[in-house]
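Notes to accompany the following structure.
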Amino acid sequence: MSTDTTISQRPTPPSYEVPKVIRFGALAVGFLVLVLFPLVFNNPTISTIGVFAMIFLMAVTGWNIFSGYTGYIALGHAVFFGIGQYATAMLASYWQIPPGWETFLLIPVSMFLAGLAAIPIGLIVLRVRKHTFIVLTIALMFIFQLFAYNLRGWTGGSQGLEVSQPPWDGSIFNLPYYYVGLFLAIVAIISSFMIRRSKFGLSLLAIRDDEDRARSLGINTRNSKLTAFVISAIFLGAAGCMYAMFVGSVYPQFSFDPAFDLELSIMAFAGGLGTILGPSLGALIISGAQQYFLITFGGANVFLIVYGALFILILRLLPGGVVPAISDKWRSHVVRKEQRILDSELEGPAEAGAHK
Amino acid sequence: MTLLGVEGIVKNYGGIQALRNCTMNFQEGAINGLIGPNGSGKTTLFNVMTGYETPDSGKVTFRGKDITNSTPDEVFAAGIGRTFQLTRIFPRLTVIENVHIAAQRKGLVAQMRQWSQPDERARALESLDFVGLTKLSREPAGSLSYGQQKLLEFAFIMVAEPKVMLLDEPAGGVNPTLLKHLGGRIKELNKTGVTFIIVEHDMEFVMGICDQVSVMHQGSALIEGKPEIVRNDPAVLEAYLGTDMTEVN
Amino acid sequence: MLTLSGVFAGYGGGDILRGVDLTVEKGSITCVVGPNGAGKSTLLKVVSGLLAPRLGSVTFQGESIAGKSPQAILKGGIVQVMQARSLFPDLTVRENIELGAFLINDQKIVQQRFNEILDQFPMVKDRLKDKAGSLSGGQQRTVEFARALMLDPALVVLDEPSMGLEPKAAAAMYGYVRQMREQGRTVLLVEQNVRAGLGLATHGVVLEAGRVRLTGTGKEILENPQMKVLYLGGSTQQEDA
Numbered sequence: 001m002s003t004d005t006t007i008s009q010r011p012t013p014p015s016y017e018v019p020k021v022i023r024f025g026a027l028a029v030g031f032l033v034l035v036l037f038p039l040v041f042n043n044p045t046i047s048t049i050g051v052f053a054m055i056f057l058m059a060v061t062g063w064n065i066f067s068g069y070t071g072y073i074a075l076g077h078a079v080f081f082g083i084g085q086y087a088t089a090m091l092a093s094y095w096q097i098p099p100g101w102e103t104f105l106l107i108p109v110s111m112f113l114a115g116l117a118a119i120p121i122g123l124i125v126l127r128v129r130k131h132t133f134i135v136l137t138i139a140l141m142f143i144f145q146l147f148a149y150n151l152r153g154w155t156g157g158s159q160g161l162e163v164s165q166p167p168w169d170g171s172i173f174n175l176p177y178y179y180v181g182l183f184l185a186i187v188a189i190i191s192s193f194m195i196r197r198s199k200f201g202l203s204l205l206a207i208r209d210d211e212d213r214a215r216s217l218g219i220n221t222r223n224s225k226l227t228a229f230v231i232s233a234i235f236l237g238a239a240g241c242m243y244a245m246f247v248g249s250v251y252p253q254f255s256f257d258p259a260f261d262l263e264l265s266i267m268a269f270a271g272g273l274g275t276i277l278g279p280s281l282g283a284l285i286i287s288g289a290q291q292y293f294l295i296t297f298g299g300a301n302v303f304l305i306v307y308g309a310l311f312i313l314i315l316r317l318l319p320g321g322v323v324p325a326i327s328d329k330w331r332s333h334v335v336r337k338e339q340r341i342l343d344s345e346l347e348g349p350a351e352a353g354a355h356k
Numbered sequence: 357m358t359l360l361g362v363e364g365i366v367k368n369y370g371g372i373q374a375l376r377n378c379t380m381n382f383q384e385g386a387i388n389g390l391i392g393p394n395g396s397g398k399t400t401l402f403n404v405m406t407g408y409e410t411p412d413s414g415k416v417t418f419r420g421k422d423i424t425n426s427t428p429d430e431v432f433a434a435g436i437g438r439t440f441q442l443t444r445i446f447p448r449l450t451v452i453e454n455v456h457i458a459a460q461r462k463g464l465v466a467q468m469r470q471w472s473q474p475d476e477r478a479r480a481l482e483s484l485d486f487v488g489l490t491k492l493s494r495e496p497a498g499s500l501s502y503g504q505q506k507l508l509e510f511a512f513i514m515v516a517e518p519k520v521m522l523l524d525e526p527a528g529g530v531n532p533t534l535l536k537h538l539g540g541r542i543k544e545l546n547k548t549g550v551t552f553i554i555v556e557h558d559m560e561f562v563m564g565i566c567d568q569v570s571v572m573h574q575g576s577a578l579i580e581g582k583p584e585i586v587r588n589d590p591a592v593l594e595a596y597l598g599t600d601m602t603e604v605n
Numbered sequence: 606m607l608t609l610s611g612v613f614a615g616y617g618g619g620d621i622l623r624g625v626d627l628t629v630e631k632g633s634i635t636c637v638v639g640p641n642g643a644g645k646s647t648l649l650k651v652v653s654g655l656l657a658p659r660l661g662s663v664t665f666q667g668e669s670i671a672g673k674s675p676q677a678i679l680k681g682g683i684v685q686v687m688q689a690r691s692l693f694p695d696l697t698v699r700e701n702i703e704l705g706a707f708l709i710n711d712q713k714i715v716q717q718r719f720n721e722i723l724d725q726f727p728m729v730k731d732r733l734k735d736k737a738g739s740l741s742g743g744q745q746r747t748v749e750f751a752r753a754l755m756l757d758p759a760l761v762v763l764d765e766p767s768m769g770l771e772p773k774a775a776a777a778m779y780g781y782v783r784q785m786r787e788q789g790r791t792v793l794l795v796e797q798n799v800r801a802g803l804g805l806a807t808h809g810v811v812l813e814a815g816r817v818r819l820t821g822t823g824k825e826i827l828e829n830p831q832m833k834v835l836y837l838g839g840s841t842q843q844e845d846a
């Protein structure tokens, strides 16, 4: 039976998606910029900003795979960042890995350990719903911080641990870290993209919108949430490893840092929570700005004020984040174009029979 | 034969007794109607039957099996799907994504493949086409009008292909002509063996489509029987329909 | 009383209303019907100020109201009762009704109106102290009506007043609508229960794809053969049973 006339017969709305050409173009340009960045800006100070940007990029993208897609805002993912750092420092000395390229082999190890840890942790924290969940993750993070301080034999306590720095020349020191970081960030983004495209990703978004409704349509929400949780932990473990190697020292307050998750969430929100590229954009902008202000205004803590002001500005002008703002602008543009066409058609000969 | 039954269900909220020793049986293969005044407990009964709420006492059985304490996903896995009085769709996802969520896939590997597979897409589009929402496939579901959201919910429940469909006020806010088509579809699906339990206030719709009608009043069952019998029962008229059952004119 | 002319309006994703021309006569009960997605709720939102039209004019009692804030329109004498339940569930029935007069500062007037309204809606009297969330659907709707009248509006806008209500309660709502007209108010309503809605109404409007297809008396529209088949559910008899 045809329902042609029973639902309102409007013309099909036009596609509001930004055309593929523009999207791929922008991605290609972005990729080139990132690849060429440290080569063009030869200065080690600047490329340091780049390394940190890459670390945050993979961390935020990973964080978004869980928190952005499921809507469970995790504020304790620093646990996996810290596990990545400590695992790297401890294994580097235990396995007596010579500083240099071999240390990079600890990346997959850190990822594995972080992922492994995420299973029991996930099983605990995911038993509760959204608001209790946030508090639980914060509590867990502080517990790990306490472990780090107190298990002195393993973690060096408040003295921390060292990761020996490779004997590379100052002018190119940052480059390996930058490019490995970029590679990992790209892996994270591709993973995010593939998840979003899959049935699994759709399940996560359904959980975000209405978890019980998702359950009543056959989605195993417990498994879905846990899987996303573990995947995001893996990328945070990678970020922790990179951080430990690059900075060279691991301390409890910087590994299990309450502010870390806040930074991640700010970056994700600023770029567009739950989008594929939004968190990356947010990471680039915010961590770039953060580092830049730190260097320029540094010691006086003025940088915090500037940084805060920047953040408020972003939220005010682009409330959903950068990527949704771009989508909205494009949508308005398409809508206005349609309206102009329709309005000019109507100005033609009067429509007969529009009403009695 | 009873497919889905409740026995002695009691459910209280604070001081209010929503369900009072409620016992009812819904027939397999039939289109069962569930009617009654607002506040008589119909939606609460649905919630209890589908695992969204647990009763204070009493039993819910499905094919003889006790499902009283089952969760929503267990109830769905058993083959029972439902719609909600205040539609529950996924507002930030597009219309077509909403329908695809209901398409079932087995196996871990299958979950990782793209959500838009040709056979699922064909079923999704057929379902959307039936309710007339095809043109809006790419719109976020939250931007649909109330009636359109109701239709979307019906569409994705169809795609989920449950053996039993619990519909909570499917006619509310739906245009009469379209409602006729929905009624036709319900009858078609029923012929293929799907059991329905429909809560509704639209008497013309209920009487025209249901094989069996159960009437609820103040939290428990008042009467169950064929539509013509129920419609003329004095207690039902008193409690619910008013002495004049025709529309106000 | 109310005139819409060439109104285009939407929610940012393209126009829902595409050139609406409509007149609502003073003292009438005007019922808008049409398929799902036609723009009926959107039309009501333009009238009550919740949505500003992109193009076109809306005049009420001679004054332009297009684009005015909801508060200004409320003060001007138009009140809408929404489709969804809109009472504050944790406040009492009395508090909910009194909130209807939020814009009035003179407490004496508020109390006076309140007492008048209690006389009009006797069922509400017994439940004044109860939390609004504990009332049944029909009772909540009645409270919403009572609340709407606290501002003594000249035009009452109702979005599917009988939706989700049992037959007895729906009949009671229609009784209240007639009462409003008897008080000299004009009523503009949307109804999917077209037989009841157009039967109740003095004037009917068929809206489809954002435009007005047909206007006339309720009876004329209900009996128009084309409209019947297209939008109104076919014949009113069981011809095609």
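Protein chains in written order, with this note's numbering: chain A, 1 to 356; chain B, 357 to 605; chain C, 606 to 846.
All residues carry an ideal CB built from backbone N, CA and C; glycine is no exception.
- [ ] Could you name the residues of the segment 201-235 of chain A whose beta carbon sits closer than 8 Å to any beta carbon of chain B, in the order they occur along the chain?
- [x] Within the segment 201-235 of chain A, the residues whose Cβ lies closer than 8 Å to some Cβ of chain B are Gly-201, Leu-202, Ser-203, Leu-205, Ala-206, Arg-208, Asp-209, Asp-210, Asp-212, Arg-213, Ala-214, Arg-215, Ser-216, Leu-217, Gly-218, Ile-219, Asn-220 and Thr-221, listed in chain order.
TODO: State buried or exposed for B/Val-465, treating a residue as buried only when at least 16 other CB atoms are found within 10 Å of its CB.
DONE: Flag for B/Val-465 reads exposed.
- [ ] Please state whether DSSP places A/Ser-67 in a helix, a strand or coil.
- [x] Here A/Ser-67 sits in helix by DSSP.
- [ ] Look at B/Gly-385 and B/Gly-549 and say whether their C-beta atoms are less than 8 Å apart.
- [x] In contact: B/Gly-385 and B/Gly-549 (Cβ atoms closer than 8 Å).
- [ ] Counting only the same chain and skipping the five closest in sequence on each side, list residues whose C-beta sits under 8 Å from that of A/Ile-107.
- [x] Close CB contacts of A/Ile-107 within its chain, under the 8 Å cut and outside five residues either way in sequence, are with Val-180, Leu-184, Ala-238, Cys-241 and Met-242 (chain order).
- [ ] Helix, strand or coil for A/Gly-353, going by three-state DSSP, please let me know.
- [x] Note that A/Gly-353 scores a pLDDT of 41, beneath 50, so its modelled location is shaky; the value from the coordinates is reported in the next line. Per DSSP, reduced to three states, the secondary structure at A/Gly-353 is coil, with no helix or strand assignment.
- [ ] Return yes when the Cβ of B/Gly-564 is within less than 8 Å of the Cβ of B/Ser-396, no when it is not.
- [x] Against a cut-off of 8 Å, the Cβ pair of B/Gly-564 and B/Ser-396 comes out as no contact.
TODO: Take the Cβ of A/Thr-209 as the centre, count every other Cβ of all protein chains shown within 10 Å, and call the residue buried at 16 or more, exposed below.
DONE: A small fix is needed here, since residue 209 of chain A is Asp in this sequence, not Thr. Per the 10 Å Cβ criterion, buried.
Task: The alpha helix (DSSP H) enclosing C/Gln-744, as first and last residue numbers - done: C/Gln-744 -> alpha helix (DSSP H) spans 742-753.
- [ ] Would you list the one or two residues that DSSP bridges to C/Arg-623?
- [x] C/Phe-613, per the DSSP bridge assignment.
Task: Short Cβ contact (8 Å threshold) for C/Val-848 with C/Leu-837 - done: A query on residue 848 of chain C cannot be resolved here, the shown segment of chain C reaching from 606 to 846 and no further.
Task: Among B/Pro-532, B/Lys-519 and B/Val-562, nearest to B/Lys-547 - alpha-carbon criterion - done: If we check each option's Cα against that of B/Lys-547, B/Lys-519 comes out closest.
Open item on the list: Quick check on the DSSP output: the alpha helix (DSSP H) that includes C/Asp-757 runs from which residue to which?
Closed with: In the DSSP assignment, C/Asp-757 falls outside any alpha helix (DSSP H), carrying neither H nor E.
Task: Closer than 8 Å to chain C by CB, B/Leu-507 - done: Yes, B/Leu-507 lies at the interface with chain C (some Cβ there is under 8 Å from its Cβ).
TODO: Please determine if the segment 579-590 of chain B and the segment 467-484 of chain B are in contact, where contact requires at least 3 C-beta pairs separated by less than 8 Å.
DONE: The segment 579-590 of chain B is not in contact with the segment 467-484 of chain B.
TODO: Starting from A/Ser-332, find everything on chain C with Cβ-Cβ shorter than 8 Å and list it in chain order.
DONE: Ordered by position in chain C, the residues that pass the 8 Å Cβ test against A/Ser-332 are Gly-617.
Task: Reference B/Leu-492, options B/Thr-450, B/Tyr-502 and B/Pro-526, closest by Cα - done: The option with the nearest alpha carbon to B/Leu-492 is B/Thr-450.
- [ ] Determine which residues of the segment 767-796 of chain C have a Cβ less than 9 Å from any Cβ of chain A, and write them out in chain order.
- [x] Contact residues of the segment 767-796 of chain C toward chain A are absent (C-beta to C-beta distance below 9 Å).
Open item on the list: Helix, strand or coil for A/Thr-137? Go by DSSP, reduced to three states.
Closed with: Helix at A/Thr-137.
Open item on the list: If you follow the beta strand (DSSP E) that B/Met-357 is in, where does it begin and where does it stop?
Closed with: Annotation: B/Met-357 is outside any beta strand (DSSP E) and is labelled neither H nor E by DSSP.
Open item on the list: Taking a contact to mean a Cβ-Cβ separation below 8 Å, would you say A/Tyr-72 touches A/Phe-81 in this structure?
Closed with: One thing to note: A/Tyr-72 has its Cβ no nearer than 8 Å to the Cβ of A/Phe-81.
Task: Stretch pair the segment 772-792 of chain C + the segment 628-635 of chain C: three plus CB contacts closer than 8 Å - done: Yes, they touch.
Open item on the list: Helix, strand or coil for A/Val-128? Go by DSSP, reduced to three states.
Closed with: Coil.
Task: Sheet register partners of A/Ser-232 (DSSP bridge) - done: Per DSSP, none; premise fails for A/Ser-232.
Open item on the list: Suppose contacts are defined by Cβ-Cβ distances below 8 Å. Is C/Gln-685 in contact with C/Glu-765 by that definition?
Closed with: The answer is no: Cβ separation not under 8 Å.
Task: Integer-rounded CB distance, given that A/Ser-203 should sit under 8 Å from A/Ala-188 - done: That belief does not hold up - the Cβ atoms of A/Ala-188 and A/Ser-203 are roughly 20 Å apart, past 8 Å.
Open item on the list: Within 8 Å of any Cβ in chain B, is that where the Cβ of C/Ser-646 sits?
Closed with: The beta carbon of C/Ser-646 falls within 8 Å of a beta carbon belonging to chain B, placing the residue at that interface.
Open item on the list: Using 8 Å as the cut-off, can you tell me whether the segment 718-731 of chain C makes contact with the segment 754-761 of chain C, which would need three or more C-beta pairs spanning the two stretches below that distance?
Closed with: Three or more Cβ pairs closer than 8 Å define a contact, and the segment 718-731 of chain C meets that threshold against the segment 754-761 of chain C.
Open item on the list: Can you pull the chain B neighbours of C/Val-637, defined as C-beta to C-beta under 9 Å?
Closed with: For C/Val-637, no chain B residue has a Cβ inside 9 Å of its Cβ, as the nearest lies near 12 Å away.
Open item on the list: So with CB distances below 9 Å, who are the chain A contacts of B/Pro-335?
Closed with: Nothing about residue 335 of chain B can be reported from this structure: the residues present for chain B run from 357 to 605 only.
- [ ] Any chance you could list the alpha helix (DSSP H) runs of at least 4 consecutive residues sitting entirely within the segment 524-563 of chain B, in chain order?
- [x] Counting whole runs of 4 or more residues, the segment 524-563 of chain B contains the alpha helix (DSSP H) stretches 532-547.
Open item on the list: Using a Cβ-Cβ cutoff of less than 8 Å, which residues in the same chain neighbour B/Glu-495 once the five nearest sequence positions on both sides are dropped?
Closed with: Around B/Glu-495: Thr-450 and Val-451.
Task: Segment contact flag, the segment 548-562 of chain B with the segment 364-371 of chain B, C-beta cutoff 8 Å, min 3 pairs - done: At 8 Å Cβ cutoff, the stretches do not touch.
Task: Within chain B, the residues that A/Thr-12 reaches when beta carbons sit closer than 8 Å - done: What A/Thr-12 touches in chain B: Lys-491.
TODO: Give, in chain order, every residue of the segment 398-414 of chain B whose Cβ lies closer than 9 Å to some Cβ of chain A.
DONE: For chain A, the residues of the segment 398-414 of chain B that bring a beta carbon within less than 9 Å of one of its beta carbons are Thr-406, Gly-407 and Tyr-408, in chain order.
Open item on the list: Using the three-state DSSP reduction, which class does A/Pro-258 fall into: helix, strand or coil?
Closed with: The three-state reading of DSSP puts A/Pro-258 in helix, counting H, G and I together.
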